[in-house]
Amino acid sequence: MAVFVDKDIYQNAKSDIEWYATDYIQQRISNSKALVLPINTQNFKAIDVVRMLENMYFDGIK
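My numbering applies: residue 1 is where the sequence shown begins, and numbers increase by one.
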């Protein structure tokens with residue numbers, strides 16, 4: 001599971017976001033791994049997010 005979050009929001013709420021990813025998502029979805037991806041939302045469009053997810057799926061996380 002990928003959790004995309006604006007990098008500015010991430011800086012201010014890092015511990016809450018990490019808790020949500022690891023303690024909430026991973027506990028409720030069996031055999032899952034949540035990955036938090038802070039991004040600059042001003043530089044990304046939906047198609048960019050799709051490409052990133054496709055690359056992670058097919059090539060693995062680098």
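Every residue, glycine too, gets a C-beta built ideally from N, C-alpha and C. The model shown is predicted, which means the values in this text are computed figures rather than measured ones.
1. Can you tell me whether Ala21 is buried or exposed? The criterion is at least 16 other CB atoms within 10 Å of its CB, across all chains shown.
2. So, with DSSP's three-state summary, where would you put Phe44?
3. How many Å lie between Glu54 and Gln11 at the Cα?
4. Considering only residues of the segment 5-33, which uninterrupted alpha helix (DSSP H) runs meet the minimum length of 4 residues and lie entirely inside it, listed in chain order?
In short:
1. On the sequence shown, position 21 is the one that residue 21 refers to. When all chains shown are included, Ala21 counts as buried.
2. Here residue 44 refers to the residue found at position 44 when the sequence shown is read from its first residue. Correct three-state label for Phe44: coil.
3. The residue you call residue 54 lines up with position 54 of the sequence shown. The residue you call residue 11 lines up with position 11 of the sequence shown. Taking the straight line joining both Cα atoms gives about 26 Å.
4. 7-19
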